[in-house]
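>
Residue numbers (the numbering used here), protein chains in the order written: chain A, 347 to 485; chain B, 347 to 485; chain C, 347 to 485.
1. Is residue 434 of chain A near residue 464 of chain B, with beta carbons less than 9 angstroms apart?
2. How many Å lie between residue 349 of chain C and residue 354 of chain A at the Cα?
3. Three-state secondary structure (DSSP) at residue 407 of chain C?
4. Tell me the residue span of the alpha helix (DSSP H) that contains residue 361 of chain B.
5. At 9 angstroms on the CB atoms, spell out the chain B contacts of residue 472 of chain A, in chain order.
6. By alpha-carbon positions, which one of B:401, B:357 and B:432 ends up nearest to residue 381 of chain B?
7. According to DSSP, is residue 400 of chain C helix, strand or coil?
8. Going by DSSP, which residues form a beta bridge with residue 470 of chain C?
9. So, are the CB atoms of residue 371 of chain B and residue 469 of chain C less than 9 angstroms apart?
10. Identify every run of the alpha helix (DSSP H) within the region 417 to 455 of chain A, keeping only runs that are complete inside it and at least 4 residues long; order them along the chain.
11. Taking buried to mean at least 16 other C-beta atoms within 10 Å of its own C-beta, is residue 427 of chain C buried or exposed?
12. If you follow the beta strand (DSSP E) that residue 350 of chain B is part of, which residue opens it and which one closes it?
13. So who's on the other strand from residue 365 of chain A, going by DSSP bridges?
14. Quick check on residue 365 of chain B - is its C-beta less than 9 angstroms from some C-beta in chain C?
15. Taking three-plus beta-carbon pairs below 8 angstroms as touching, is the region 372 to 379 of chain A in contact with the region 396 to 406 of chain A?
16. Can you list, in chain order, the residues of its chain whose CB lies under 6 angstroms from that of residue 416 of chain C, leaving out five sequence neighbours each side?
17. Would you kindly work out how many angstroms separate the C-alpha atoms of residue 347 of chain B and residue 420 of chain B, rounded to a whole number?
18. So, is the C-beta of residue 369 of chain A closer than 9 angstroms to a C-beta in chain C?
19. Counting only Cβ pairs nearer than 8 angstroms, list the residues of chain A close to residue 325 of chain B.
20. For the region 370 to 382 of chain B, list every residue whose C-beta sits within 9 angstroms of some C-beta in chain A, in sequence order.
21. Express the C-alpha separation of residue 482 of chain B and residue 397 of chain B in angstroms, rounding to a whole number.
22. Would DSSP call residue 383 of chain C helix, strand or coil?
23. If we ignore side chains and look at the alpha-carbon of each, how far apart do residue 393 of chain C and residue 484 of chain B end up?
24. Would residue 480 of chain B count as contacting chain C if we go by Cβ distances under 9 angstroms?
25. Please report how far the alpha carbon of residue 390 of chain A lies from the alpha carbon of residue 451 of chain C, in whole angstroms.
Structural data, given as structure tokens:
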């Protein structure tokens, strides 16, 4: 963790520039600092996935042009309420900046949520953390 | 929110008529009323996404024809137990009506869950709520 | 339930052998036993879905080759801490065995989590449980 999943209606594919949004959200997480000025998230744990729906329904179906983007950050439990809020606000600001021009010309829902997951077991089995921890040490 | 995600095995694609299920579930949410007769969900917040799996495994693998459909409604915390139950039952009824004929001729799992999410931050950043709120006002 | 969702970056598609991982995780769940030697999960409830992302961002973007695999088991609430841990460890071991060779030559994150979901409503509407319960009875 932190793990961001973006689910969105495929009718936004041409307009949403999802690769840029993924990068922007990842960079926002990497830049996040807690109250002590420490990174909130390790670089090697940051990932963002975007999945367009194959089928969807939005609102009352009155327009096929209506869309939706749902952004969810799941992170481990235990960060302070201040850090939770500042991370949420930073992601919201990045999301607003990305979608501002599109919201001026299309109607779509856009929800961002930050979760502390309900995990009862958690294992990190990859080698990306070690890769970036080593790079940071070499500095 | 409310946010419905349907995950299903791709071997059901030809039979499941997912566009119709998405619409039926969205309409069910729009029609839902609480104990006071008020809408449970705002029209502009209703969306349903359906995502077929690219790879899957079902049960013991004894038949490639076995499938699974998982339907999850995530909604904000705080609705009454009675509303939670009535929303769940309305979605279950809509799901049963949709899949009844297919269940008579194919073997597949079908699970519906309603969650109150574990969010610690939530932001609505889109313009669809405003769009439908304005329409409702114009009446 | 139990319901496993695998989200992964599409740059791992050629190397990850996801069909084999899905089957291996399903078999691991079917083989799981609790402290009393009873099956932890019913065969007809076991399913694994794998969804490659359409777009993604990993870590600081320093290599397009960096990837991520996220494996999530969601199960019903109420199993003992010992069972939660043993299920998690069995899935972790299966995941390690599957990805060991690939981790020796590529850099990617690999996280496994087991959740007890926050459901407030749950309905099983399919016929797969009945199918396997009947088979088990005929034994």
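For glycine and all other residues, C-beta sits at the position ideal for the given N, C-alpha and C.
Put simply:
1. At a Cβ-Cβ threshold of 9 angstroms, residue 434 of chain A and residue 464 of chain B do not count as neighbours.
2. Cα-Cα distance, rounded: 22 angstroms.
3. Secondary structure at residue 407 of chain C: coil, using DSSP grouped into helix, strand and coil.
4. DSSP places residue 361 of chain B in the uninterrupted alpha helix (DSSP H) bounded by 359 to 362.
5. Simply none; closest approach about 19 angstroms.
6. Comparing Cα-Cα distances from residue 381 of chain B to each of B:401, B:357 and B:432, the minimum goes to B:432.
7. DSSP, read as helix, strand or coil, puts residue 400 of chain C in coil.
8. Answer is B:457, bridged to residue 470 of chain C.
9. The answer is no: Cβ separation not under 9 angstroms.
10. As for any alpha helix (DSSP H) of minimum length 4 sitting wholly inside the region 417 to 455 of chain A, the runs are 427 to 449, ordered along the chain.
11. Exposed, since its Cβ has fewer than 16 Cβ neighbours within 10 Å.
12. Its beta strand (DSSP E) spans residues 349 to 354.
13. Within the DSSP secondary-structure output, residue 365 of chain A pairs in no beta bridge.
14. Judged by the 9 angstroms Cβ criterion, residue 365 of chain B is not in contact with chain C.
15. Fewer than three Cβ pairs drawn from the region 372 to 379 of chain A and the region 396 to 406 of chain A lie within less than 8 angstroms of each other, which leaves the two stretches out of contact.
16. Apart from the 5 residues on each side of it in sequence, residue 416 of chain C sits with its Cβ closer than 6 angstroms to the Cβ of 353 and 457 in its chain, given in chain order.
17. The C-alpha of residue 347 of chain B lies about 7 angstroms from the C-alpha of residue 420 of chain B.
18. For residue 369 of chain A, the nearest beta carbon of chain C is closer than 9 angstroms to its own beta carbon.
19. Because chain B is modelled from 347 through 485, residue 325 of chain B falls outside the range shown and cannot be assessed.
20. Flagged, chain order: 370, 371, 372, 373 and 376.
21. Their Cα atoms are separated by approximately 31 angstroms.
22. Of the three classes helix, strand and coil, the one that applies to residue 383 of chain C here is coil, per DSSP.
23. Residue 484 of chain B has its alpha-carbon roughly 47 angstroms from the corresponding atom of residue 393 of chain C.
24. Chain C contact via Cβ: absent.
25. Those two C-alpha atoms are separated by around 17 angstroms.
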